[in-house]
Structures are given as structure tokens and as C-alpha cells.
Amino acid sequence: MKKIIITIDGWSSCGKSTLAKQLAKALNYLYVDSGAMYRAITLYFLRNHIDWTDKKEVHNALKDISLEFIYNPKSERSEIYLNEENVEYVIRDMVVAEKVSDVAAIKEVREYAVKQQQKMGKNRGIVMDGRDIGTVVFPDAELKIFMTADNAVRVERRFQELYEKNPNITIEEVKNNLELRDYIDSHREVSPLHQAEDAIVLDNTNLTEKEQFHKALKLAHKHI
Ligand code: C5P
Numbered sequence: 001m002k003k004i005i006i007t008i009d010g011w012s013s014c015g016k017s018t019l020a021k022q023l024a025k026a027l028n029y030l031y032v033d034s035g036a037m038y039r040a041i042t043l044y045f046l047r048n049h050i051d052w053t054d055k056k057e058v059h060n061a062l063k064d065i066s067l068e069f070i071y072n073p074k075s076e077r078s079e080i081y082l083n084e085e086n087v088e089y090v091i092r093d094m095v096v097a098e099k100v101s102d103v104a105a106i107k108e109v110r111e112y113a114v115k116q117q118q119k120m121g122k123n124r125g126i127v128m129d130g131r132d133i134g135t136v137v138f139p140d141a142e143l144k145i146f147m148t149a150d151n152a153v154r155v156e157r158r159f160q161e162l163y164e165k166n167p168n169i170t171i172e173e174v175k176n177n178l179e180l181r182d183y184i185d186s187h188r189e190v191s192p193l194h195q196a197e198d199a200i201v202l203d204n205t206n207l208t209e210k211e212q213f214h215k216a217l218k219l220a221h222k223h224i
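With the UniProt record's numbering applied, the sequence shown covers 1 to 224.
Spelled out as C-alpha cells, the structure:
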């Protein structure tokens, strides 16, 4: 069977990773959460007090970072390791969420991440979600999905997810963070978030996870 590349881009918290993991499992593909890479780099910068406005500091810091992904299709769990430490849980923190879009807007950081992402997809058979995957990382991907959903629905979903970990979080905090990240992500100079010309839009405001998955799987089978 032909192996393809599936890219899933879109706004924050519209269920990209849920769909990407389901597709990867169904097709027995590799799954890569590119956002986790930017989050892990941000975590490293915060922990090591890197001044990311200083190009040289960023350049040197990136040399000390190694990232690794482990995806278990059975459990649909994906984990990212930063210098051999599992940081999958800690990178979801608000402290990281508040800074990640600033770090992800840095040219050197993007070059570093994109290079690794392209390497991971060199044998195809991969589903990757993010913001610039169909436009910059794999412009030649066979299937490009651009996901969207109503703002209120996205805020509520992310709030539920974060509330489980931190009951002190407020819906206002989550809303402000999503809006700010979407703004920075779509207005930055390098690789801003926008829909690839050949992407298929999937609005899941009124779709169940199952319905969304079946739609996407059908699209994938057209190319396989
Ligand atoms: O996907 P997730 O919300 O975890 O991504 C966190 C942040 O990483 C995004 O808000 C964005 O700033 C950045 N990102 C990016 N390019 C990607 C994936 C994520 O700039 N391909």
C-alpha cells in the first residue's frame, strides 16, 4: 500500500492532535505533534533563563537540545522527551503556553524544528499536526487538512482539559491565551499560520470525534 503524508494544521485547540492520532493508528503511521516540539524548546528556554531576544543565545541553546518522540498507536499516547526527560505533561502548563508563540516565532527555532520534522517524514507514512505543516514542512503532502471550530467551543474544550490538571484555572485565562496564540501564530513574519491553497477545511464545531475521524479517513483513502 502506498504511504502518504497527512498534514493537519489549524487554530489552537480545535482537536488536531486527537484526529492525527486516530488517523495514525488506523493507517499504522507515525504520529508527530509538532506543537510539542515548540513547547519543549520553550520549556528549555524558561528553565535555563535563555534570553530569546538574543540570537546568539538562542543559537547556542538549540545546540544543547535534543528532542525525541515516542508514539504508541495502541494507547494513542504520544510523548516527547527533552534531553531524555519525558516532558509531555509539563509542556502543557500555562507557564509554557503563555510563551510558546513568542518562541515559535523565532526564525532559528523554526529552522531547527522544521529540519527535524522533515527528517521524520522522509519515508512518508506520517501524520503531523501543527500550524505550518502543509504550507512549509511538507508542501508536497498528499493530504492536507485545515481544522477549525467555533471559538467558544475551542475555549471550552481546552478549559476542560486544563481544569482536570489545575482546578484554579479560569475560563478567561484559557480564552485570552488561545486568542493571543492564534493572533501571534497567524501574524508572525516567519511561516505564519494560514490555510494551504490545496488544504481541505474540516470544521468540527458540530462533529463528534467519530464523525470527524471517518470523514478524514475517507479523504486519506482517496490517496492510498
Ligand atoms: O499545537 P500546540 O497548541 O501545542 O502548539 C503550541 C504552539 O506552538 C502554537 O501556539 C504555535 O505558537 C506553535 N507551533 C508553531 N508551529 C507548529 C506547531 C506549533 O508555531 N507547526
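Note that beta-carbon positions come from the ideal geometry of N, C-alpha and C, so glycine has one too.
This structure is a prediction, so every number in the text was calculated from the model and none was measured.
Proximity below 8 Å, CB of residue 78 to CB of residue 31:
In this structure, residue 31 lies closer than 8 Å to residue 78 by Cβ.
What's the C-alpha gap between residue 113 and residue 36?
Going by the C-alpha atoms only, they are around 10 Å apart.
When burial is assigned at 16 or more other CB atoms within 10 Å of the CB, is residue 44 buried or exposed?
Burial call: buried.
Do the stretch 137 to 154 and the stretch 87 to 95 meet, that is, are 3 or more Cβ pairs less than 8 Å apart?
No: the two stretches stay apart, fewer than three of their Cβ pairs being nearer than 8 Å.
Delimiting residues of the alpha helix (DSSP H) encompassing residue 28
Counting along the chain, residue 28 sits inside no alpha helix (DSSP H), nor does DSSP assign it H or E at all.
Just to check, is the beta-carbon of residue 106 closer than 7 Å to a non-hydrogen atom of the ligand C5P?
For residue 106, the distance from the CB to the nearest heavy atom of the ligand C5P is not below 7 Å.
Alpha carbon to alpha carbon, what distance is there between residue 7 and residue 118?
Residue 118 and residue 7 have their C-alpha atoms some 12 Å from each other.
Measuring only from the beta carbon, is residue 131 closer than 7 Å to any heavy atom that is part of the ligand C5P?
With a cutoff of 7 Å, residue 131 counts as near the ligand C5P, since its C-beta is closer than that to a heavy atom of the ligand.
Close-in-space but distant-in-sequence residues of the same chain around residue 132 (CB under 6 Å, 5 per side omitted)
Excluding sequence neighbours, residue 132 sits near 191.
Hey, is residue 174's beta-carbon within less than 8 Å of any beta-carbon in chain D?
In summary, chain D is missing from the structure at hand, where a single protein chain is found.
In terms of alpha-carbon separation, which member of 34, 55, 56, 61 lies closest to residue 47?
Comparing Cα positions, the closest option is 61.
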